[in-house]
Structures are given as C-alpha cells and as structure tokens.
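Visitor:
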Amino acid sequence: MADKFPIIEVPFDAPEIIEDLGTKEKFWFRHPNLGRCLFKKTRPNTGEDWAEKIAAELSDLLALPHADYELATFNGEDGIISPSFLPEGGVPTLGNEILTAIVCDYPQDSKDLSQHTIDNISNAIKNASVNLPIGSIPPQRINTAMEIFVGYLLLDAWIGNTDRHHENWAFISLQEKIYLAPTYDHASSMGREISDEKRQMKLNNNSVIGYAEKCPSLIYASGSDKKRLKTFDAFREAQQRYPEAASLWLNNLARVSSDDTLELFERIPSNRISETAIKFALEILQFNQSRLIKLRDTL
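According to UniProt numbering, the residues represented by the sequence shown are 1 to 299, in order.
#1: Kindly indicate which three-state DSSP category R30 falls into: helix, strand or coil?
#2: Taking 9 Å as the threshold (C-beta atoms), are A145 and Y106 in contact?
#3: Return the Cβ separation of A63 and P139 in integer angstroms, given the expectation that the two are a contact with Cβ distance under 8 Å.
#4: May I have the straight-line CA-CA distance separating P83 from T73, to the nearest angstrom?
#5: Taking the alpha-carbon positions, what's the W59 to E9 distance?
#6: Taking just the CA atoms, how far does I121 sit from L218?
#7: Using 10 angstroms around the beta-carbon of C104, count the other beta-carbons present and answer buried if the total reaches 16, otherwise exposed.
#8: Using a Cβ distance threshold of 8 Å, determine whether the stretch 160-171 contacts the stretch 179-188, with at least three qualifying pairs required.
#9: What is the DSSP secondary structure of L58, reduced to helix, strand or coil?
#10: When the Cα of S258 is compared with those of R267, L282, D119 and D196, which residue comes out closest?
#11: Classify N131 as helix, strand or coil using the three-state DSSP reduction.
#12: Evaluate P269 with the Cβ neighbour count: other Cβ atoms within 10 Å of its Cβ, from every protein chain shown; 16 or more gives buried, anything less gives exposed.
#13: Give a yes or no on contact between the stretch 168-176 and the stretch 194-213, applying the rule of three or more CB pairs nearer than 8 Å.
#14: By a C-beta neighbour count over all protein chains shown, 10 Å radius and 16 as the cutoff for buried, is G47 buried or exposed?
#15: Residues in its own chain within less than 6 Å of G90 by CB, not counting five upstream and five downstream?
#16: Could you give the residue range of the alpha helix (DSSP H) that holds A72?
#17: Please go through the same chain and pick out, in chain order, the residues whose beta-carbon is closer than 6 Å to the beta-carbon of T261, but skip the five residues on each side of it.
#18: Relative to the alpha-carbon of I54, which residue among T117, K214, W158 and E97 has its alpha-carbon at the smallest distance?
#19: Measuring only the C-alpha atoms, how far is Q239 from S129?
#20: Between I137 and P44, what straight-line distance do the alpha-carbon atoms span, to the nearest angstrom?
#21: Rounded C-beta distance between L154 and W249? I'm assuming under 8 Å.
#22: Which residues in the same chain have their Cβ closer than 8 Å to the Cβ of K26, if we skip the five residues on either side of it in sequence?
#23: Please report how far the alpha carbon of G160 lies from the alpha carbon of E88, in whole angstroms.
#24: Taking H116 as the reference, give the member of G135, L94, E57 and E213 with the closest Cα.
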C-alpha cells in the first residue's frame with residue numbers, strides 16, 4: 001500500500017494576509033519549502049480537504065496544469081494548503097473581469113452567471129495572445145490555451161465539479177504576456193458534501209449514477225438558456241467545438257485505471273475520509289469515466 005499523503009502543520013503565528021475571496025476561512029502564509037501558500041480551513045463534515053487533494057492528483061493523471069494542494073492543519077483544525085501559482089510579478093485576472101471586457105452588458109452581479117457561456121469563454125481564451133499556463137508541458141498536439149481549457153472541462157465532468165464559476169478560471173499577466181492560469185478550486189466534487197448516511201442510501205439503492213448524471217456546471221450553452229449545463233454536457237459542448245483536443249484528453253482519461261484512483265483515496269488518512277465516502281466517490285468517477293470515454297465513438 002502506498003504511503004499516506006503528508007499533513008503539513010501550519011504554525012500558529014503563520015498567517016500574514018486574510019483572504020476575502022470565496023466562502024471559506026483562509027489566509028496567506030510563507031512555508032519554508034513551498035513558498036507563499038494559501039491555507040483554507042475545512043468546514044466540518046464537508047470533505048473539502050480530501051476532495052481538493054484528490055482532484056489535484058487526478059489532474060496529474062490527466063496531465064493537466066493545476067494548482068497543487070496538500071493536506072494541512074492549523075491551530076488544531078483541518079484544512080488544505082495551496083502554494084501560489086503566481087510567479088513574482090504575475091497579476092491574475094478572473095474570468096468575470098475577462099468576460100466583462102469583451103461581452104457587452106456582462107452582468108456585474110458576481111452571482112449572475114447567465115452570460116457565462118461556452119462561446120463567451122471560448123472567445124476570451126482562444127485569443128491568440130493567451131498563452132499556455134506558465135511552465136506547463138501539454139500533451140502532444142495540445143497547442144493552445146483553449147485546448148487546455150477543454151481538458152479543464154473534462155476534469156469537471158469526470159469528478160462532478162459543480163463550481164467552475166467565472167471566478168474559478170483566470171488569466172495571469174506577466175511581463176507583457178498573458179497566460180491561462182492552471183485549473184484550481186475543485187472542492188465541490190465527487191459528492192463530498194453528502195452525509196455518509198445519504199451516501200450509503202444511494203449506494204444501497206443504486207442511485208449513485210442518478211446523482212452523477214445530475215451534477216450541474218456553472219456554465220450555460222447560450223445566454224438565452226435558463227438552465228445551466230450539466231458538467232458532462234459542458235464538456236460535450238466543448239467537444240463539438242474542439243474535437244481533436246477533446247479526443248486527446250479523452251485518451252488520457254482512458255489510460256487511468258481503477259487501481260490508479262483507488263490508490264489515491266487509500267493515501268488519504270482515515271480521519272479525513274470515511275470508507276463510505278471513498279466508495280461513493282469511486283463509483284462517481286468510474287461511471288463518469290465510462291460515459292466520457294464512450295464519447296470517443298462520436299468524434
């Protein structure tokens with residue numbers, strides 16, 4: 001059995017800057033080996049820490065550029081830390097700011113995602129001036145930032161990430177160049193928010209598949225639509241526009257075995273995740289992987 005993931009203990013006097021963005025308690029601090037890091041407190045019984053860690057490791061298996069995450073504790077409370085992916089001098093621009101600049105009358109209310117559409121996102125990212133994520137080594141024949149983003153949508157569809165809103169993708173400006181940011185913030189995935197009692201009920205009555213099929217994205221097919229796309233359908237929309245990139249990412253997904261995913265969950269300390277949560281998450285991943293791989297037949 002593989003070793004457990006390490007748990008980094010954040011010193012009591014570590015906090016430097018309190019981070020306001022988002023809904024979780026978080027702060028920036030400097031780690032002696034990892035550099036500037038963000039600590040996010042895990043809310044009780046939410047599984048946010050293991051979901052974030054597993055999603056990052058699954059991104060690795062897909063060869064996607066992603067933010068790194070490590071399990072951590074601070075002042076006796078569980079959480080996760082993420083080293084900053086901003087290089088010195090790098091300036092982030094969040095998706096809502098990007099879209100406001102190119103989409104007429106883009107909603108100023110951060111909760112209004114009605115114009116957060118596949119085509120608006122694509123028009124922003126496929127701009128020739130947007131480079132691949134800094135330091136990334138993409139799979140062969142993945143050449144553009146938008147082709148990388150297609151991989152982000154594949155990840156969302158695989159893990160059931162319901163939180164790809166317009167502040168959960170970004171550009172990085174550095175030395176007069178613009179780069180797509182690595183994928184980040186995947187804690188709302190793999191059914192981590194469900195209680196073990198409900199997980200077991202769904203496992204017993206074979207309704208995990210129904211849960212996985214309903215996972216909503218925060219992306220719309222068009223500005224006139226009233227309903228958000230499901231995560232699976234958001235990837236399918238991207239597949240129709242970028243079939244070659246979608247095929248390459250699907251091939252990477254097909255190479256991930258059930259043993260690969262099981263080993264990752266076995267590396268999460270048992271006080272951070274229950275056996276029921278593991279079974280539930282694995283069933284989601286297996287079902288989503290299977291139906292995604294079948295999309296190769298539609299290309």
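Here a beta-carbon is modelled for each residue, glycine too, at the ideal position from N, C-alpha and C.
Guide: In short, the structure shows the following:
#1: strand
#2: no
#3: 5 Å
#4: 15 Å
#5: The sequence given here places Ser at residue 59; Trp does not occur at that position. Using only the alpha carbons, I get a separation of about 24 Å.
#6: 12 Å
#7: exposed
#8: yes
#9: helix
#10: L282
#11: strand
#12: exposed
#13: no
#14: buried
#15: I172 and L174
#16: Note, A72: premise wrong, no alpha helix (DSSP H); beta strand (DSSP E) at E70 to F74.
#17: L285
#18: W158
#19: 22 Å
#20: 37 Å
#21: 5 Å
#22: I18, E19, L38, F39, K40 and K41
#23: 33 Å
#24: L94
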